[in-house]
Amino acid sequence: MGKLGPIILIAISAIMWGTIAIFVRKLASLGFTPMEIVTIRVVTAVFLLGIIGLLKYPGQMRIRLRDSKYFIGTGIFSIVLFNWCYFSSINQLSLSFAVILLYTAPAFVVILSYLFLKESMDAMKIISVMGTLIGCILIAGINIKETPSMNLIGILTGLGAGFGYALYTIFGKFALAKYRPFTVTFYTFLVASIALLLFTDLFEKGSMLIREEVILYGIGLGLFPTVLAYLFYTKGLEKMDSSKASIIATVEPVAATLLSVFLYKEDFGILEFIGTTIILFSVILINLPKTFFKINNKKRLQF
72 MGKLGPIILI AISAIMWGTI AIFVRKLASL GFTPMEIVTI RVVTAVFLLG
122 IIGLLKYPGQ MRIRLRDSKY FIGTGIFSIV LFNWCYFSSI NQLSLSFAVI
172 LLYTAPAFVV ILSYLFLKES MDAMKIISVM GTLIGCILIA GINIKETPSM
222 NLIGILTGLG AGFGYALYTI FGKFALAKYR PFTVTFYTFL VASIALLLFT
272 DLFEKGSMLI REEVILYGIG LGLFPTVLAY LFYTKGLEKM DSSKASIIAT
322 VEPVAATLLS VFLYKEDFGI LEFIGTTIIL FSVILINLPK TFFKINNKKR
372 LQF
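Using my numbering, you'd call the opening residue of the sequence shown number 72 and step up by one each time.
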């Protein structure tokens with residue numbers, strides 16, 4: 072795949088995640104709640120992945136029962152927990168502040184990767200994490216006056232969203248030691264689907280689910296920012312440090328912001344531009360080879 076292959080795959084997955092607003096806004100306008108939209112997303116993803124698996128990867132559809140713990144981790148503790156915490160924090164805080172707390176995920180990944188995956192924690196990773204967080208703050212445009220209440224529950228659930236978001240990368244890395252990216256993605260969404268169907272009343276809206284627009288946008292949501300995005304991300308994660316992958320994935324808010332400018336004519340001011348630049352710079356920084364800094368230090372000494 073080469074050194075650039077995993078970076079490109081994760082960047083593409085992040086861009087696809089950035090398109091999610093197209094599908095979510097439409098389904099919300101048709102009368103679905105946030106958690107119902109998440110359920111539509113994961114159930115559609117399982118259906119699509121099941122078809123792909125039966126046609127192309129039948130040998131990758133099997134797992135050992137004792138390894139189901141990895142997919143409980145990626146499916147319930149990541150996908151379900153992250154979405155529940157995120158929507159809970161939005162109800163308690165302003166949307167911009169909830170988004171910022173969500174993007175504490177790379178910091179969680181760096182710490183968890185150091186503790187459980189024995190990945191290094193060097194200065195470049197820390198600087199890159201701080202850069203992406205600052206970039207996300209500028210893009211989100213936090214305004215404390217917009218926040219209805221800076222309560223502890225809202226902050227904790229917001230951080231819980233970032234933590235849950237990070238757990239896919241950690242549990243995914245453990246699962247990839249035994250299974251292929253397709254298997255990890257399929258069982259993640261299978262477990263998440265079962266959990267969400269138990270706790271939502273989606274099927275009570277059966278007449279709405281068979282509407283042409285709902286089917287079209289439901290399939291789009293399940294395919295582009297879900298099946299393809301997670302397959303690409305998991306494939307890239309297979310060949311890369313978890314912490315690096317998480318930092319590269321912060322290209323998502325950049326893609327989402329640019330999309331909102333072109334599709335919804337939303338403002339793109341100087342703060343959004345600076346935030347975008349900082350995130351992209353942080354992504355480039357984390358991917359520079361360590362020899363780059365050694366070579367430049369030698370040149371300075373010679374000069």
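Here a beta-carbon is modelled for each residue, glycine too, at the ideal position from N, C-alpha and C.
When the five nearest sequence neighbours on each side are left out, the beta carbons in the same chain lying within less than 6 angstroms of the beta carbon of Thr259 are those of Phe142, Thr145, Gly146, in order along the chain. In the DSSP assignment, Thr203 falls within the unbroken alpha helix (DSSP H) covering 194-211. Judged by pairs of C-beta atoms under 8 angstroms, the stretch 167-180 touches the stretch 225-241, as three or more such pairs exist.
About 5 angstroms separates the beta carbon of Ala300 from that of Trp88, a gap short enough to meet the 8 angstroms contact definition.
Between the stretch 74-82 and the stretch 309-318, the count of Cβ pairs shorter than 8 angstroms is three or higher; the stretches touch. Beyond the five residues adjoining it in sequence on each side, Arg251 comes within less than 6 angstroms, by CB distance, of Gln131 in the same chain, given in chain order.
For Ser191, there is no enclosing alpha helix (DSSP H), as DSSP marks it with neither H nor E.
By the C-beta density criterion, Pro129 is exposed, having fewer than 16 other C-beta atoms within 10 angstroms.
Burial check for Ile286: the Cβ neighbour count within 10 Å stays below 16, so the residue is exposed. Contact between the stretch 258-278 and the stretch 103-122 is present, with at least three C-beta pairs closer than 8 angstroms.
Where Met279 is concerned, the enclosing alpha helix (DSSP H) starts and stops at 277-280.
Taking Thr297 as reference, the option from Val109, Ser100, Gly73 with the minimal CA-CA separation is Val109. Taken through DSSP and simplified to helix, strand or coil, Gly73 comes out as coil. The residue among Leu136, Gly73, Ile111, Ile91 with its C-alpha nearest the C-alpha of Phe295 is Ile91. When the beta-carbon positions are compared, Gly307 and Ile122 stay at least 7 angstroms from each other. In this structure, the CA atom of Lys310 is about 11 angstroms from the CA atom of Ala248. With at least 16 other beta carbons inside 10 angstroms of its own, Ile350 counts as buried.
Taking a contact to require three or more Cβ pairs closer than 8 angstroms, the stretch 200-212 and the stretch 340-360 qualify as touching. One alpha carbon belongs to Ala169, the other to Arg137, and they sit about 36 angstroms apart. Ser84 is a Cβ neighbour of Phe303, given a cutoff of 7 angstroms. Cβ neighbours of Met279 within its own chain (closer than 8 angstroms, five residues either side excluded): Leu101, Gly102, Phe103, Val285. Inclusion of Glu323 and Ser331 in the CB contact set at 7 angstroms is not warranted, their separation being larger than that value. When the five nearest sequence neighbours on each side are left out, the beta carbons in the same chain lying within less than 7 angstroms of the beta carbon of Ile134 are those of Tyr250, Thr254, Tyr258, in order along the chain. For the pair Thr203 and Leu267, the Cα-to-Cα distance works out to about 31 angstroms.
In the structure shown, the three-state DSSP call for Gly89 is coil.
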